[in-house]
Amino acid sequence: MTTIELIHQALATVSDPELHRPLPDLGMVESVSVNGAIAELKILLTISGCPMQDRLKTDITAAVTQVPDIDEVSIVFGVMSEEQRNNVKKLLRGGREKFIPFAQPDSLTRVIGIAS
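Position 24 (the sequence shown) corresponds to 31 in the working numbering; numbering is contiguous.
As structure tokens, then:
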């Protein structure tokens, strides 16, 4: 196996702390390269300013430094596009789109709000 493949295997052991799925399955690993003993990764966050970024960095670094010949990990974080986020939503929902029967034009349900 190449070093890149071993890094991908290591990344597959890291789960998103909020979504509880491996990073590659969620499409969060944009690129992996090796420069000497340094693994250079581009990881996509689901939202800008993700509160779990520090934990992800720690978990990724711990996993990737277990790969032989890798002494350091350089991580650049980016943000997913709207289309990429929609793909994550579909994956988490099992491919089902969100369907609200009451919001359909042919629904006979009526909502009446009363306040006093």
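Each residue gets a CB set at the ideal place from its N, CA and C atoms; glycine is no exception.
As assigned by DSSP and simplified to three states, the class of residue i
{"i": "Ile45", "result": "strand"}
{"i": "Phe109", "result": "helix"}
{"i": "Glu12", "result": "helix"}
{"i": "Leu51", "result": "strand"}
{"i": "Val71", "result": "helix"}
{"i": "Glu90", "result": "helix"}
{"i": "Val39", "result": "strand"}
{"i": "Val95", "result": "helix"}
Distance between residue j and residue i (C-alpha atoms, nearest Å)
{"i": "Ile11", "j": "Val39", "result": "7 Å"}
{"i": "Asp66", "j": "Leu99", "result": "22 Å"}
Contact belief for residue i with residue j at Cβ below 8 Å, rounded distance in angstroms
{"i": "Pro29", "j": "Ala17", "result": "Their Cβ separation, rounded to whole angstroms, is 11 Å, which puts Pro29 and Ala17 out of contact at 8 Å."}
{"i": "Thr116", "j": "Phe109", "result": "5 Å"}
Given 8 Å, three or more beta-carbon pairs between the segment 63-78 and the segment 42-50: Yes, since at least three Cβ pairs between the segment 63-78 and the segment 42-50 fall closer than 8 Å, the two stretches touch.
Stretch-stretch touch, CB-based, cutoff 8 Å, three pairs: the segment 9-24 with the segment 49-63: yes
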